[in-house]
Amino acid sequence: MKEAFHSMIELRRSVRRFRPEPVKSEVLAKLVDAARLCPSAANKQALIFIAVNDPELARKIFETQKFAAYLAGAGQPQPGEEPTAHILVAQDKNLAIAETVRDVGAAVQTILMGACAYGLGATCLRSFDRPRAAQILDLPEQYEPDSVIALGVPAEAPKVILMKDGDVKYWRDETGQHFVPKRAFKDVCFLNGCNKAWN
Ligand SMILES: Cc1cc2nc3c(=O)[nH]c(=O)nc-3n(C[C@H](O)[C@H](O)[C@H](O)COP(=O)(O)O)c2cc1C
Numbered sequence: 378m379k380e381a382f383h384s385m386i387e388l389r390r391s392v393r394r395f396r397p398e399p400v401k402s403e404v405l406a407k408l409v410d411a412a413r414l415c416p417s418a419a420n421k422q423a424l425i426f427i428a429v430n431d432p433e434l435a436r437k438i439f440e441t442q443k444f445a446a447y448l449a450g451a452g453q454p455q456p457g458e459e460p461t462a463h464i465l466v467a468q469d470k471n472l473a474i475a476e477t478v479r480d481v482g483a484a485v486q487t488i489l490m491g492a493c494a495y496g497l498g499a500t501c502l503r504s505f506d507r508p509r510a511a512q513i514l515d516l517p518e519q520y521e522p523d524s525v526i527a528l529g530v531p532a533e534a535p536k537v538i539l540m541k542d543g544d545v546k547y548w549r550d551e552t553g554q555h556f557v558p559k560r561a562f563k564d565v566c567f568l569n570g571c572n573k574a575w576n
């Protein structure tokens, strides 16, 4: 169990290039069901999850999305690499409170981890045209799109590297390998106070 957890944490990277295989509705149902059971501030459960795997709808949702801003266009999935499924996370305005945004974080991470467990790749996006996504999915006015997760069979395996000089920008080398800098453990993780070494 411990090993599986740590392997999945390492494996889970934002994947932005996909193979054309579809994602089964049964798998999407498992992912949204997991999200449904996540922690929720005041237990309001003010989120809904709309899964998409119909090819035409998936293409329309993809067209609302902006991938990998640091790569200035080069991070957008190229023809043949597009996500084949999506999960839109929307807030129910009749139930949501200020803290509901944190519920979104918990739900999104759960979906991302679940995607990993099912051998899928995924990226959470906040850069997308929300009104257009709402229109494509016939969302009633009551629901406010918050985030969307693009999913598919992965065609890349981004790698974590240690961040240098505080540079947060992910990058790709000449082979197209995607690298994600992360801050060092010693800089962000503390035990029994901020001024003590971890031991
Ligand atoms: C709230 C949030 C919004 C994000 N929005 C986008 C987005 O619009 N487009 C995108 O390509 N990636 C987006 N990402 C993915 C981040 O770029 C990614 O998590 C970061 O580069 C670290 O890489 P990792 O997920 O592989 O650890 C978002 C992530 C989060 C948590």
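My numbering applies: residue 378 is where the sequence shown begins, and numbers increase by one.
Glycine included, each C-beta is placed from N, C-alpha and C at the ideal position.
For the set Asp564, Arg396, Ser402, the Cα lying nearest the Cα of lysine 541 is the one of Asp564. Look at alanine 445: its beta carbon is less than 7 angstroms from one of the heavy atoms in ligand 1.
Separation of the CB atoms of arginine 393 and threonine 500 is rounded to 5 angstroms, and the pair is thereby assigned contact status at 8 angstroms.
Beta-carbon to beta-carbon, valine 525 and isoleucine 425 are separated by about 13 angstroms, too far to satisfy the 8 angstroms threshold. With fewer than 16 other CB atoms across the displayed protein chains lying within 10 angstroms of its CB, valine 545 is exposed. In this structure, the CA atom of valine 481 is about 10 angstroms from the CA atom of proline 416.
Nearest C-alpha to valine 478 among Asp523, Val404, Ser402: Asp523. With contact defined as three or more Cβ pairs closer than 8 angstroms, the segment 470-477 and the segment 438-458 are not in contact. In this structure, serine 384 has its beta carbon at no less than 7 angstroms from each heavy atom of ligand 1.
Apart from sequence neighbours up to five positions away, the residues of its chain that approach glycine 529 with a beta-carbon distance below 7 angstroms are Phe395, Arg396, Val400, Pro460, Thr461, Ala462, Leu497, Gly498, ordered along the chain.
Look at arginine 503: its beta carbon is less than 7 angstroms from one of the heavy atoms in ligand 1. Distance between alanine 435 and glycine 457, taken at the CA atoms: about 13 angstroms. Look at serine 417 here: in three-state DSSP terms it is coil, with no helix or strand label.
Shortest Cα-Cα distance from glycine 491 to any of Glu433, Arg389, Leu516, Gln554 involves Arg389.
Considered as a whole, the segment 452-494 harbours 462-469 as its complete beta strand (DSSP E) runs of no fewer than 3 residues, in chain order. Residues of the same chain with a CB within less than 8 angstroms of the CB of tryptophan 575, apart from the 5 flanking positions on each side, are Phe562, Lys563, Cys566, Phe567, Leu568 in chain order. Asparagine 572 and arginine 503 have their C-alpha atoms roughly 35 angstroms apart.
If you keep only unbroken beta strand (DSSP E) runs of at least 3 residues inside the segment 498-522, you get 498-502.
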